[in-house]
Amino acid sequence: MFPYVGKDCQCHRRPGVLRDKKESSNNDLAEKEPNSEEAFHCLEKAMKWLKREEECDAIQLLSLKRVRDLAFKKNEAHL
């Protein structure tokens, strides 16, 4: 699906993402889901990317910003 995922972004650590079907196993279920901090940083990168895209409109950007802000709030609550 996505040929490249940034090394510093932990979004690719979700079970089943960017994996060949042969690699998936019961161990995938035990993998760590992204935490709020990782989600915030990935969403921040996504916002930077979206701003550069011609197809981006204010509604899409605002929607992504709201999700990013939720990740930020959840991370602050856990500190």
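Number 526 in my numbering belongs to position 66 of the sequence shown; there are no gaps in the numbering.
Even for Gly, the Cβ is constructed at its ideal location relative to N, Cα and C.
Just so we're clear, the structure is a prediction, and the values are computed from it rather than from any experiment.
Counting only residues of its own chain and dropping the five nearest sequence neighbours on each side, L503 has a CB closer than 8 Å to the CB of L524, V527, R528, A531.
Under the three-state reduction of DSSP, N495 is assigned to coil, being neither helix nor strand. Here DSSP, grouped into helix, strand and coil, assigns D529 to helix. Assigned with DSSP and collapsed to three states, C502 falls in helix. In the structure shown, E536 adopts helical secondary structure according to DSSP, grouped into three states. The beta carbon of E497 is closer than 6 Å to those of N535 in its chain, skipping five residues each way along the sequence.
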